[in-house]
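Numbering (this note's numbering), first residue to last: 1007 to 1263. Notes to accompany the following structure.
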Amino acid sequence: MKKIWQFGILAMLGFTFLLTGCGSNNKVENNTLKVATCADFAPFEFQGKDGQYEGFDIDIIKAIGKEMGEKVEISNLGFDALVPALQTGHVDAVIAGMSMNGERDKAVTFSKPYYQSGLTIMVNANNNSIHSFKDLEGKTIAVQIGTTGATEAKKIPGAKVKELNSSADTFIELKAHNVQAVVNDKPVNAYYMVESGDKSIKRVGGQLTSENYAIAVKKGNTELVEKINKALEKIKADGTYAKIYKKWFGVEPSAEN
Ligand code: GLN
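This is how it looks when you write it as structure tokens:
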């Protein structure tokens, strides 16, 4: 009889242990914010020498995760695979220099904006015929697939638009003179010019669009987007955002950002 009791207690302990074990596993899982990006968009997201993810967006999402008490796990996808990754539930959030727009609003829920951007043109340094978006009519233009740059370039009358996988690929195509221009986000073009010291290409014209970058979550996930917004507000108020901004852009954020 005593034996049976002992066995019973041991079995119960074991069962409880198993349950707690599962419980804590779930907790780790729940405390991880799974984030997708497209790490080819410096200075927002790129891979450092050892393959680590770096950039303004990466620092911002890590700071947001810290505020939320969540570990941030980053995965690297093609830009056009980011929205589907949210829709299928493979990731919880996307941060990828992604501009808020009406089309995407139908597919995802956006956080409050965290960076103000827009599109600009890059041409070869010896190009003297393209000075503005109007001059792009009938020209060949390289863009990154699935981006606002691609959407806008396709609206230009007579333009032949080449959609490539990354913004780095668009610069390569331009330098090889396979296209006459690149339409891409202004801060990415500017960072490329400064970091590469490349004198073979130049920026021309003004800014075509005014776009706001925001973090995307699965359509209707208001609980998560509210947590992200609260964390974003907190890091803006406590100076963390300004510190990260200064680290990547060398200046203090302006009022809009
Ligand atoms: N801001 C642009 C967009 O949202 C480009 C983003 C990117 O290439 N990472 O389409």
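For each residue, glycine too, the CB sits at the ideal point set by N, CA and C.
Rounded straight-line distance, which links the Cα of residue j to that of residue i
i                  : j               : result
glutamate 1109     : glycine 1057    : 33 Å
glycine 1095       : alanine 1113    : 13 Å
valine 1129        : asparagine 1036 : 47 Å
asparagine 1132    : serine 1138     : 15 Å
isoleucine 1080    : methionine 1199 : 27 Å
aspartate 1111     : glutamate 1179  : 31 Å
glycine 1152       : glutamate 1158  : 11 Å
isoleucine 1250    : aspartate 1063  : 9 Å
glutamate 1143     : aspartate 1046  : 28 Å
lysine 1300        : lysine 1118     : What the structure shows of the chain is the stretch from 1007 to 1263, and residue 1300 is not part of that stretch, so it cannot be assessed.
valine 1041        : lysine 1181     : 33 Å
glutamine 982      : glycine 1226    : Residue numbering for the chain in the displayed model covers 1007 to 1263; residue 982 lies beyond these limits and cannot be assessed.
glycine 1071       : isoleucine 1221 : 12 Å
glycine 1084       : valine 1167     : 19 Å
cysteine 1028      : threonine 1038  : Annotation note: pLDDT 37 at cysteine 1028 (below 50); position unreliable, coordinate value reported separately. If I take the Cα positions, the gap works out to 16 Å.
phenylalanine 1255 : threonine 1228  : 31 Å
glycine 1164       : lysine 1145     : 7 Å
The ligand GLN heavy atom lying under 7 Å from the CB of residue i
i                  : result
glutamate 1217     : yes
aspartate 1191     : yes
glycine 1061       : no
glycine 1108       : no
methionine 1104    : yes
phenylalanine 1047 : yes
threonine 1126     : no
glutamine 1053     : no
serine 1123        : yes
serine 1117        : no
serine 1081        : no
phenylalanine 1177 : no
For residue i, the three-state DSSP class (helix, strand or coil)
i                  : result
valine 1200        : helix
isoleucine 1127    : strand
glycine 1020       : Any reading at glycine 1020 is ruled out, since the residue's pLDDT is 48, under 50, leaving its predicted position unreliable.
serine 1117        : coil
phenylalanine 1139 : coil
valine 1100        : strand
valine 1034        : The pLDDT assigned to valine 1034 is 39, lower than 50, so where the model puts this residue is not dependable; a value taken from the coordinates is nonetheless given after this. Here valine 1034 sits in helix by DSSP.
threonine 1094     : coil
lysine 1055        : coil
leucine 1230       : helix
phenylalanine 1062 : helix
lysine 1225        : coil
leucine 1180       : helix
Strand pairing of residue i, partner residues [DSSP]
i                  : result
serine 1105        : Tyr1219
asparagine 1190    : Thr1126
serine 1081        : Ala1042
lysine 1168        : Ala1148
isoleucine 1207    : Asn1130
phenylalanine 1047 : Glu1051
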